[in-house]
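Numbering (the UniProt record's numbering) for the sequence shown: 1 to 211.
Glycine included, every Cβ here is placed at the ideal spot set by N, Cα and C.
As the structure is a computational prediction, the values presented were derived from the model and not from experiment.
Step one of this worksheet: look at the structure below.
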Amino acid sequence: MGKSSILFILFGFDKIKFFLVQFSEELFSSVETSREAWERLNSSYTSSSRSRIISLKSKLTKNPKGTRSVAEFLHEMKSIADELALAQSPILEEDLVVHILSQLGDEFNNIVAAIKVRESVISFSELFEKLVDFERMLKDSDSSQSTILTTANVTQKSSFKFQPHNKQYSGNQGRPNKNYSNSRKFRDHTYRPQWQNQGMIHAIVGNLLVF
């Protein structure tokens with residue numbers, strides 16, 4: 001390598017040092033050589049990277065779903081995992097799944113329990129699909145329940161509206177009015193929370209998961 005080439009390389013290093021000093025005067029104010037500048041920059045970057053990794057890992061374990069949709073929650077969790085991979089600190093897909101399952105709401109307890117007893121490890125893409133489907137079923141069930149309760153309220157109001165306010169019995173005092181009895185039975189039956197039917201929940205989980 002000729003003298004001119006060496007001088008060109010050294011000049012290049014000095015230019016790098018100049019620009020680095022402009023961006024971080026405190027960091028490079030006492031730097032004498034390009035090598036020292038590089039080592040200091042590398043040390044600073046490593047320290048910053050470690051801080052970033054710790055921050056990302058902390059966020060991964062403290063990022064509950066809350067009121068967000070399943071899709072939004074899963075996209076953010078995957079984004080955090082991707083950032084960790086870029087920071088040279090990747091996590092296993094199985095660990096990502098564990099972090100996700102531990103931060104879903106109580107309404108997902110049944111499907112979480114089913115996933116935990118699977119013989120095979122579930123992938124992120126499969127988990128995404130199952131949770132989105134389960135969330136949709138939960139919303140459909142809540143919507144149906146709301147419709148039933150609304151219909152029941154209207155029916156009861158109509159039933160009581162056409163009954164004498166001061167009479168609950170007709171004919172013999174010991175025999176209740178037939179319309180009143182039917183209305184009471186309908187009310188008691190309708191207001192029984194249908195979503196507490198564990199058989200329905202188990203059926204949904206069974207349809208979603210293939211062991």
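Selection from the options that minimises the alpha carbon distance to residue i
i           : options         : result
residue 55  : 83, 78, 71      : 83
residue 92  : 122, 104, 103   : 122
residue 130 : 51, 65, 115, 61 : 115
residue 71  : 141, 35, 127    : 127
residue 63  : 35, 33, 98      : 98
residue 132 : 120, 111, 119   : 111
residue 136 : 109, 69, 85     : 69
Close Cβ partners of residue i (< 7 angstroms) along its chain, the five nearest in sequence each way excluded
i           : result
residue 138 : 107
residue 65  : 73, 103, 104, 105
residue 85  : none
Sequence-distant residues of its chain with Cβ nearer than 6 angstroms to residue i (five each side left out)
i          : result
residue 53 : 87, 89
Nearest-angstrom Cα separation, counted from residue j out to residue i
i           : j           : result
residue 73  : residue 117 : 23 angstroms
residue 58  : residue 78  : 14 angstroms
residue 67  : residue 50  : 31 angstroms
residue 43  : residue 94  : 32 angstroms
residue 190 : residue 101 : Here the model assigns residue 190 a pLDDT of 46, short of 50, so the residue's position is not dependable, and the following value carries that caveat. Roughly 34 angstroms separates the two Cα atoms.
residue 75  : residue 109 : 20 angstroms
residue 34  : residue 120 : 53 angstroms
residue 113 : residue 39  : 50 angstroms
Distance between beta carbons of residue j and residue i, contact taken as under 8 angstroms
i           : j          : result
residue 124 : residue 96 : 6 angstroms
Beta-carbon spacing of residue i, residue j below 8 angstroms
i          : j          : result
residue 80 : residue 60 : yes
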